[in-house]
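All remarks here apply to the structure that follows.
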Amino acid sequence: FEDARSVEAKYKLVNEYGLRGVSYWVLAKPFPENWQVLDNMFNIEKVIPAR
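First residue of the sequence shown? That's 1 in UniProt numbering, and the numbers climb one at a time after it.
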């Protein structure tokens with residue numbers, strides 16, 4: 001189970017290690033607070049694949 005605290009801890013590692021991005025996949029019931037943490041910590045760019 002991922003909650004806002006657990007995803008925030010993982011996202012902090014992204015900055016600590018200088019990683020260039022993250023992904024987030026929801027298998028079961030979504031947890032909206034996780035998306036808020038992601039939005040607050042990073043500049044989100046939606047990528048649309050070329051046709």
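The beta-carbon is built from N, C-alpha and C at its ideal position, and this holds for glycine as well.
N-terminal and C-terminal residue of the alpha helix (DSSP H) that residue i is part of
{"i": "residue 11", "result": "4-16"}
{"i": "residue 33", "result": "32-41"}
C-beta contact flag for residue i and residue j at 8 Å
{"i": "residue 34", "j": "residue 9", "result": "no"}
{"i": "residue 31", "j": "residue 2", "result": "yes"}
{"i": "residue 14", "j": "residue 22", "result": "yes"}
Rounded distance between the beta-carbons of residue j and residue i, thought under 8 Å
{"i": "residue 17", "j": "residue 38", "result": "Their Cβ separation, rounded to whole angstroms, is 17 Å, which puts residue 17 and residue 38 out of contact at 8 Å."}
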